[in-house]
Amino acid sequence: MSAHFKARDMAEQQIADLDAQLLRRKLRTTESPCDTKARVGERELKMFCSNDYLGLANHPKLVAALTEGARLYGVGSGASHLISGHSIAHDLLEKKLAACEEKHIPNARALFFSTGYLANINAITGLARLAEQGQASIYSAKLNHASLIDGVRLASAQTKAKVTLFDHQKLDSLEESLKQDTHSLKLIVVDGVFSMDGDIAPVEKLLHIAEQYDALLMVDDAHGFGVLGDQGHGILEQAGVHSERIIYVGTLGKAAGVSGAFICAAAPFIEWLIQKGRPYIYSTATPPAIAHTLLSSLALIEGDEGIARRKKLNELIQIWRDEMTFHIWEKTPSSTPIQPVILGSNANALAAASLLDEAGYWIPAIRPPTVPVGSSRLRITFSANHGVDDLRELIKTLQVIEQKVGNNS
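Numbered by my numbering, the letters in the sequence shown go through residues -12 to 396 in order.
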């Protein structure tokens, strides 16, 4: 073997550079189910960082449903959906997911994926292929999730689609760009709930713009499905919108407590994505037992228990908004379970996360490139399983830590 291994040397140097910039990420291994407390080695930490918003990830009914699903269907699907991997469990789940959104999307049909990342890439690249080469335009919100960004980049590389970024809080530039756009396909792509800020996209305004300029509107509701709306059907239910222009993506590994994601759209779009969506065509289907479990999760989300859990979440959100005050750090306005605290520098965020760890909390520092440079933060998230006393304890702890860390760089 050669004494000089350039690729390894490059990797080691770049990792050292990440360390110097305080940007290196590190894994932590849990030894317990997902809940409001996590066992990490010999320690038990209070969790305020997971996306298990409704507290369903370790729900006994879902544990039982997964066991039943494994007995009925085994533990693997064996092939892609279009070969032999499409089970009756997948079919029933897709029909139920379509029913969740049918009040908002005419002739709704759903397509199930193993991850939200795959669903987003499949939707964006597949829809861009509706137009001839160079005849698609994609308008992407600047703060969109990485999976949307990667989907847009891949679609642009594959189809020569023109990409324009816009500010989801200031839509004048989006409207002006669309007004000048003569391409045959125009696709607006936006997060429903922005995962690092917790704010909600103005879906009604975006849909009005899409209708005015003959565009499609794709909404990634990863952090809204299960949480928003009276039945937990997400941002479309909360906004009360209805249009065949909507391409909706929902995630099932966050508030739904299990795994996977889905695209819901008018039937012709879903059929096209089955035919031309490469991630769907060439991925092994998710185990049917997971789909079977998700049917039980959806029943919980829509039922009395789901209503009660959303009510509890909203109570926690209101307490945070009313009682959490900072003198140096910045609290962003959010009506969702995502409540960021902006500290600015990487050093400040890491110091605060370390002190929280010492106090028995797991709340990681979020740094670039996940968030813009200079806006490193603590991303605090609530679960319906958190108690009011748990939250008030956290508030007191944060106020003490703020005084210790301050705004030192």
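Just so you know, even glycine gets a beta-carbon here, dropped at the ideal spot from N, CA and C.
Just so we're clear, the structure is a prediction, and the values are computed from it rather than from any experiment.
Sub-7 Å separation of residue i and residue j beta-carbons
i    : j    : result
L194 : L203 : no
L80  : F99  : yes
F397 : L141 : Residue coverage of the chain in this structure runs from -12 to 396, which leaves residue 397 outside it and unanswerable.
N301 : V392 : no
A200 : L165 : It is worth fixing the name first, because residue 200 is Tyr in this sequence and not Ala. Yes.
R364 : L330 : yes
E162 : I196 : yes
N109 : P266 : yes
T384 : A340 : no
F398 : E389 : With the chain covering only -12 through 396, there is no way to say anything about residue 398.
A44  : C21  : yes
Q122 : H170 : yes
S160 : V150 : no
Three-way DSSP call (helix, strand, coil) for residue i in this model
i     : result
E89   : coil
R58   : helix
S396  : The pLDDT assigned to S396 is 47, lower than 50, so where the model puts this residue is not dependable; a value taken from the coordinates is nonetheless given after this. If DSSP states are grouped into helix, strand and coil, S396 belongs with coil.
W316  : coil
G347  : coil
K173  : strand
K13   : coil
A352  : strand
S363  : strand
G331  : strand
V358  : coil
A7    : helix
D377  : helix
T384  : helix
A(-6) : helix
Beta-carbon proximity list for residue i, same chain, < 6 Å, skipping 5 on both sides
i    : result
E18  : R26
D168 : S124
I257 : R96 and L98
I2   : none
I250 : L98, A106, A110 and V236
E317 : I329
G216 : E224 and Q225
G42  : S370, A371 and N372
Own chain, CB closer than 8 Å to residue i, minus 5 neighbours either side, in chain order
i    : result
Q8   : N333
K24  : E31, L32, K33 and M34
K241 : N38, D39, Y40, A209, H210, F212 and G213
E198 : S230 and R232
L273 : Sequence check: residue 273 is Thr here, not Leu. So the list reads S64, H77, F99, F100, S101, S246 and G247, once near-sequence residues are dropped.
G361 : G331 and S332
Close-in-space but distant-in-sequence residues of the same chain around residue i (CB under 7 Å, 5 per side omitted)
i    : result
P275 : G56, Y60, S64, S74, A76 and H77
N107 : S134, L135, G138, D207 and V236
V245 : L49, L239, I277, T280, L281 and S284
W307 : Q326 and L378
T271 : S64, A66, S67 and G72
L260 : L98, N109, A110, G113, I250 and Y267
heavy atom of the ligand NAP below 6 Å from residue i C-beta
i   : result
A66 : Because no ligand of any kind appears in the structure shown, any question about the ligand NAP cannot be addressed here.
Fill in: Cβ contact (3+ pairs, closer than 8 Å) linking the segment 172 to 191 and the segment 113 to 122
Here the segment 172 to 191 lies against the segment 113 to 122, with 3 or more beta-carbon pairs under 8 Å apart.
Item to complete: Pick out the complete alpha helix (DSSP H) segments inside the segment 113 to 160, 4 residues or longer, and give them in chain order.
Response: The qualifying runs are 133 to 146.
Discussion item. Please give the ranges of any alpha helix (DSSP H) in the segment 269 to 329, keeping only runs that are unbroken, at least 4 residues long and fully inside the region.
Written reply: The segment 269 to 329 is shown to contain whole alpha helix (DSSP H) runs of 4 or more residues at 275 to 289 and 291 to 310, in chain order.
Worksheet item: Counting pairs of Cβ atoms below 8 Å between the segment 204 to 213 and the segment 147 to 164, do you hit three or more?
Response: Taking one beta carbon from each stretch, the segment 204 to 213 and the segment 147 to 164 have fewer than 3 pairs nearer than 8 Å; the two do not touch.
Discussion item. Restricting to runs no shorter than 4 residues, where is the alpha helix (DSSP H) found entirely within the segment 182 to 264?
Written reply: Counting only unbroken stretches of 4 or more residues, the alpha helix (DSSP H) elements lying wholly within the segment 182 to 264 are 190 to 199, 222 to 226 and 254 to 263, in sequence order.
Discussion item. Does the segment 216 to 224 come into contact with the segment 84 to 91, if we say contact requires no fewer than three beta-carbon pairs (one atom in each stretch) closer than 8 Å?
Written reply: For the pair of segments examined, the segment 216 to 224 was found to touch the segment 84 to 91: the number of CB pairs separated by less than 8 Å reaches three.
Worksheet item: Counting Cβ pairs, one atom from each stretch, are 3 or more of them under 8 Å apart for the segment 364 to 381 and the segment 36 to 47?
Response: The segment 364 to 381 is in contact with the segment 36 to 47.
Practice prompt. Just list the alpha helix (DSSP H) runs in the segment 23 to 87, keeping only unbroken ones of 4 residues or longer that don't cross its boundaries, in chain order.
Written response: Complete alpha helix (DSSP H) runs here, min 4: 47 to 60.
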